[in-house]
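Shown next, in structure tokens, is the structure this report addresses.
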Amino acid sequence: MITYEKHTLANGLTVLAHRDRFSRMAAINMLYKVGARNENPARTGFAHLFEHLMFRGTERVPDFDVPVQMACGENNAFTNNDYTDYYMTLPVDNVEVALWLESDRMTGLRIDRENLEAEKKVVIEEYKQRYLNQPYGDLWLLLRALAFGVHPYRWATIGLDPEHIAGATLGEVREFYRRFYNPSNAILSVAADLEPEQVFLLAEKWFGNLTGESCPKSEIPQEPVQSAPRRQEVVREVPATVVTIAFKMCGRTGDDFYSLDMISDLLAGGSSSRLYRRLVQEGRLFASANAYVTGDVDPGLFVVTGHLLPGVSPQEAEEALWEQLNELKKQPVEESELEKVKNKFEANTTFGEINVMNKAMNLGFYEMLGNLPLINREVGLYRSLTPERLMRCAEEVFVSEHSATLVYRAAGDGAAENIYKEMEI
Amino acid sequence: MKSAKQGSRKAHEYPEPPAIVTPAQAEVPLAREERLENGARLYTVDIPGQEVIRVSFVFRAGTSLQEIPFSASATVNLLSEGSQRWSAAQIAEQLDFYGSYYEVSTDRDYAVVTFCSLSRFFAETMEVAEQILLYPLFPEQEVRTYCTKQKQRLAVERTKVAFQARELFSRTLFGAEHPYGISSPAERYDDLERDMLVRFYDRCYTGRNCFVAVSGRVDDQVRERIAALAGRLPAGEVLRPNVGEAISARYAFAGHPGAVQSAIRIGIRLFPRTHPDFIPMQVVTTVLGGYFGSRLVQNLREERGYTYGVFAGMVNLEYEGYMAIATEVAAAATEDAVDQIFREMERLRNELVGEQELRMVKNIVAGEVMRILDGPFGIADVTIENVQNGTDNGYIDRFLRRVREVSPEEVLAMARKYLIPEHFTTVVVGEADPALSGKVWGSVK
Numbered sequence: 001m002i003t004y005e006k007h008t009l010a011n012g013l014t015v016l017a018h019r020d021r022f023s024r025m026a027a028i029n030m031l032y033k034v035g036a037r038n039e040n041p042a043r044t045g046f047a048h049l050f051e052h053l054m055f056r057g058t059e060r061v062p063d064f065d066v067p068v069q070m071a072c073g074e075n076n077a078f079t080n081n082d083y084t085d086y087y088m089t090l091p092v093d094n095v096e097v098a099l100w101l102e103s104d105r106m107t108g109l110r111i112d113r114e115n116l117e118a119e120k121k122v123v124i125e126e127y128k129q130r131y132l133n134q135p136y137g138d139l140w141l142l143l144r145a146l147a148f149g150v151h152p153y154r155w156a157t158i159g160l161d162p163e164h165i166a167g168a169t170l171g172e173v174r175e176f177y178r179r180f181y182n183p184s185n186a187i188l189s190v191a192a193d194l195e196p197e198q199v200f201l202l203a204e205k206w207f208g209n210l211t212g213e214s215c216p217k218s219e220i221p222q223e224p225v226q227s228a229p230r231r232q233e234v235v236r237e238v239p240a241t242v243v244t245i246a247f248k249m250c251g252r253t254g255d256d257f258y259s260l261d262m263i264s265d266l267l268a269g270g271s272s273s274r275l276y277r278r279l280v281q282e283g284r285l286f287a288s289a290n291a292y293v294t295g296d297v298d299p300g301l302f303v304v305t306g307h308l309l310p311g312v313s314p315q316e317a318e319e320a321l322w323e324q325l326n327e328l329k330k331q332p333v334e335e336s337e338l339e340k341v342k343n344k345f346e347a348n349t350t351f352g353e354i355n356v357m358n359k360a361m362n363l364g365f366y367e368m369l370g371n372l373p374l375i376n377r378e379v380g381l382y383r384s385l386t387p388e389r390l391m392r393c394a395e396e397v398f399v400s401e402h403s404a405t406l407v408y409r410a411a412g413d414g415a416a417e418n419i420y421k422e423m424e425i
Numbered sequence: 426m427k428s429a430k431q432g433s434r435k436a437h438e439y440p441e442p443p444a445i446v447t448p449a450q451a452e453v454p455l456a457r458e459e460r461l462e463n464g465a466r467l468y469t470v471d472i473p474g475q476e477v478i479r480v481s482f483v484f485r486a487g488t489s490l491q492e493i494p495f496s497a498s499a500t501v502n503l504l505s506e507g508s509q510r511w512s513a514a515q516i517a518e519q520l521d522f523y524g525s526y527y528e529v530s531t532d533r534d535y536a537v538v539t540f541c542s543l544s545r546f547f548a549e550t551m552e553v554a555e556q557i558l559l560y561p562l563f564p565e566q567e568v569r570t571y572c573t574k575q576k577q578r579l580a581v582e583r584t585k586v587a588f589q590a591r592e593l594f595s596r597t598l599f600g601a602e603h604p605y606g607i608s609s610p611a612e613r614y615d616d617l618e619r620d621m622l623v624r625f626y627d628r629c630y631t632g633r634n635c636f637v638a639v640s641g642r643v644d645d646q647v648r649e650r651i652a653a654l655a656g657r658l659p660a661g662e663v664l665r666p667n668v669g670e671a672i673s674a675r676y677a678f679a680g681h682p683g684a685v686q687s688a689i690r691i692g693i694r695l696f697p698r699t700h701p702d703f704i705p706m707q708v709v710t711t712v713l714g715g716y717f718g719s720r721l722v723q724n725l726r727e728e729r730g731y732t733y734g735v736f737a738g739m740v741n742l743e744y745e746g747y748m749a750i751a752t753e754v755a756a757a758a759t760e761d762a763v764d765q766i767f768r769e770m771e772r773l774r775n776e777l778v779g780e781q782e783l784r785m786v787k788n789i790v791a792g793e794v795m796r797i798l799d800g801p802f803g804i805a806d807v808t809i810e811n812v813q814n815g816t817d818n819g820y821i822d823r824f825l826r827r828v829r830e831v832s833p834e835e836v837l838a839m840a841r842k843y844l845i846p847e848h849f850t851t852v853v854v855g856e857a858d859p860a861l862s863g864k865v866w867g868s869v870k
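Given below as structure tokens:
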């Protein structure tokens, strides 16, 4: 249970405050409602590139990290397809330092050609390090492009191509800043041992006189209903083949989200889960197997995936995954198994509410979804789900016409034996 | 930037920047210590506010104690794969049913088995813990499944330049036969058998090789329950790994055809945390590369765009300690990146660090400590580390005091004493060997 109070400033900034009486740290989260789904298809990766630029300093604060670190603080940020999140923790006595810095960079960012060029290079290195120079690094890029034909979810936050990042211009950067980095497009949340009233006063002090135009966002092209199965096979220099099947499902606030999230827990939540027990431990088809929901704002994906053990054919693996999905359509889940995933969800929610940073971040997230009270209702929603409901959702979602299957095949199908020897050269 | 005009118009309305406060000492609750008859020690910290309990059982059972490759990690990983009373599936089922979080880890010196549970499911969680810790069976079938999976996982890891570099660095820094340096071919998983794990378990998972750190909502009942469990471990013998003399080589390269980035590791063997120079050297290392905005980040990331990240840190082992710098850089930038790393160390030896920079580094170190101590899970981690170093939670306060005492002159003196280029080990994994041109890093100028 996270208690909170909400207040909106005249300029449209949403402020959320949670009081944690036990922590000496303050967590400050600033969420901007812009992500990769708002990007121009010819400039993908831009929201993430811009997130990096937010650390490049302002007229008043030439180096963003210096005052944070002076204040014993730590900060970072991430971008996903739906939003961009900046977060900071520091001793509660320094909470104003965080508010000062966030208000300062909401309007005063200093972006010139030189730091744009330097940042592009960093982001292109990040692209290489995380997506090109890693085994399976491009798997998720391929899967997105296969599952989505129209919606901007067809690209990852890093973008479709390093060339898109390389081509970003100063004009585009300034336009993006003007359009999306406004008080009315932002959510500030604070978790600390502070009275909410005090948080609102401080927010007024630091953000009250910022102005910003509110810019209507362009319509996001929505994905049409998929009518035929999609399939792609690639061969890469990796030690093991990976089979992944992705199904279209509702967005984060859709009616069936919790049922499908719970199904993913049944399949892959912990080492008593179905995929682990049946396909990894007993079936010995996979070295690892997983199932998860992407939890996107717009309709997203339900993903099942596994790393094959040597000697297992992709077809065999795929059939085994389908068998598990089909069982969910035919067999109601037993009460005790259901109770297990419900308990686990509740425990994980409690563990997640220990830390001030998680709490501030969650407040921002649920507000972004447009349903802040949901933050304390999810355990109850989970508890209310029935075996019949899960069966109905499984029937609707696990349909081959709505699926995208990616077979990421190891060159030579598991020549893993040679790898160690190669590195000894 | 919206526009320069707009910015300046707003400037006069803008409040004065807030004063930055350096918090007083970090308050760390001392752990209550109990010694059990079998030699196991119990450290408990009661923290109000959360209905959760975390228990970590720490055994002197790390990789340096194994005689057979992979037996230390296999033993700890297979503890939960079947016991006298329950099968692997039943154990997993029980833990998941109560939503309890179970995790094991190994490093070179220790193996740690951790349970986190809601207070209301604590008793049930300890029943499972008892089966895992006291009555593991290591069933043959589960051993084979584990070995097949791990062999494949290791093969995947070894296709990553960063992982390759980490292994190559340990071998080069300590020697390929040293317990801290050794790495083994993945095929050795094929030879691993149940008996070997049983022997390792019998030798290492004993009272004299165990301590337990507990934090969260800890009352007498909780403490007694854990003491009853740990008290039933056989006493055993206190173990010491066979740590011979480490032999560091200057340079090693491993080819990784097609790698778009090279992994670089540069470091030097120094001393464990108990050495009087450890804390000032930790400050030196932090200045060099211990935070975002450090000299190495400024140089390699912000100015040159060679890398997404670079880090320097002091690594503390039971019988050794070393300083290491780690980064992945664009393949074409490899040689210059190594040059720049040595250049930054040279600057530390030649120039006094600025007062402002040093104050910031001290506050960063203090902030890190405060963050770790925020909440019951972090306090358990801190307690574990302190016990491993033969000290108590009062160390945190002494540590922060010592950090505050470090002056620019001391940073310079430490850098001159320890950052001696010809003593450093450099390791590169990538497409091409940057030393092919005949270059030798760390040569005296």
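Protein sequences appear in the order of chains A and B. Here my numbering is used: position 91 in the first sequence is 91, and no number is missing along the way. Here my numbering is used: position 277 in the second sequence is 702, and no number is missing along the way. Positions of the beta carbon are idealized from the N, C-alpha and C atoms, including for glycine. Computed from a predicted structure; not experimentally measured.
Check, Outcome
"Residues of its chain near PHE625/B, where Cβ-Cβ distance is below 6 Å and the 5 sequence neighbours each way are ignored", "SER496 and THR500"
"Completely contained beta strand (DSSP E) runs for the region 506–576 of chain B, where each covers 3 or more residues", "526–531 and 536–543"
"Simplified DSSP assignment, three categories, for PHE345/A", "helix"
"Min CB distance VAL553/B to chain A below 8 Å", "no"
"Among GLY746/B, GLU769/B, PRO666/B and LEU742/B, nearest to GLY714/B - alpha-carbon criterion", "GLU769/B"
"Separation of ARG583/B from VAL407/A, as counted between CA atoms", "22 Å"
"Rounded straight-line distance, which links the Cα of PHE546/B to that of GLY295/A", "29 Å"
"Contact belief for VAL242/A with LEU285/A at Cβ below 8 Å, rounded distance in angstroms", "Not confirmed; about 12 Å, so no contact."
"Cβ-based neighbour list, LEU490/B, same chain, cut-off 7 Å, excluding 5 preceding and 5 following", "ALA497, CYS629, LEU664 and PRO666"
"Below-8 Å beta-carbon distance, ASN343/A vs any chain B residue", "yes"
"Rounded C-alpha distance that separates VAL92/A from LEU194/A", "8 Å"
"ARG698/B, enclosing alpha helix (DSSP H) - first and last residue", "Segment: none, ARG698/B is in no alpha helix (DSSP H) and carries neither H nor E."
"Reduced DSSP secondary structure (H/G/I, E/B, other) of VAL397/A", "helix"
"Cα-Cα separation, GLN896/B to TYR843/B", "This structure does not reach residue 896/B, given that chain B is present from 426 up to 870, and the question cannot be answered."
"Per-residue DSSP class, three states only, for LYS6/A", "strand"
"Contact set between the region 627–653 of chain B and chain A, restricted to residues whose Cβ is under 7 Å from the partner", "none"
"Nearest-angstrom Cβ-Cβ length linking MET391/A and LEU338/A, presumed shorter than 8 Å", "Not confirmed; about 12 Å, so no contact."
"Member of TYR86/A, ARG37/A and ASN38/A whose CA lies at the smallest distance from the CA of PHE55/A", "TYR86/A"
"Below-8 Å beta-carbon distance, ILE2/A vs any chain B residue", "no"
"Boundaries of the beta strand (DSSP E) in which THR244/A is found, first to last residue", "242–249"
"Beta-carbon neighbours of CYS541/B, restricted to chain A and to distances below 9 Å", "ALA347 and PHE351"
"6 Å Cβ shell around SER530/B - same chain, five flanking residues per side excluded", "VAL537"
"Three or more C-beta pairs below 8 Å linking the region 129–148 of chain A and the region 103–117 of chain A", "no"
"Three-state secondary structure assigned by DSSP to ILE220/A", "coil"
"Span of the beta strand (DSSP E), counted from its first residue to its last, around CYS635/B", "635–641"
"Euclidean distance between Cα positions of GLY364/A and THR211/A", "21 Å"
"Residue closest to LEU385/A, alpha-carbon to alpha-carbon, out of ASP255/A, PRO196/A and GLU401/A", "ASP255/A"
"For TYR731/B and ALA860/B, believed in contact at Cβ under 8 Å, the rounded distance", "Incorrect: roughly 18 Å between the Cβ atoms, too far for contact."
"Exposed unless 16 or more other CB atoms sit within 10 angstroms - verdict on LEU266/A", "buried"
"Assigned secondary structure, GLY680/B (DSSP; H/G/I helix, E/B strand, else coil)", "strand"
"Amino acids of chain A, ordered along the chain, whose beta-carbon sits closer than 9 Å to that of GLU753/B", "GLU125, LYS128, GLN129 and ASN133"
"Buried versus exposed, by CB contacts within 10 Å (16 or more), PHE78/A", "exposed"
"Short CB-CB distance (under 8 Å) between GLY525/B and chain A", "One point to set straight first is that residue 525/B is Ser, not Gly, in the sequence displayed. Interface residue, yes."
"Buried/exposed call for LEU170/A, threshold 16 Cβ in 10 Å", "exposed"
"Residues near ALA601/B by beta carbon distance below 6 Å, same chain, minus five either side", "none"
"Integer Cβ distance of ALA147/A from VAL95/A, believed to fall under 8 Å", "That pair is no contact at about 42 Å."
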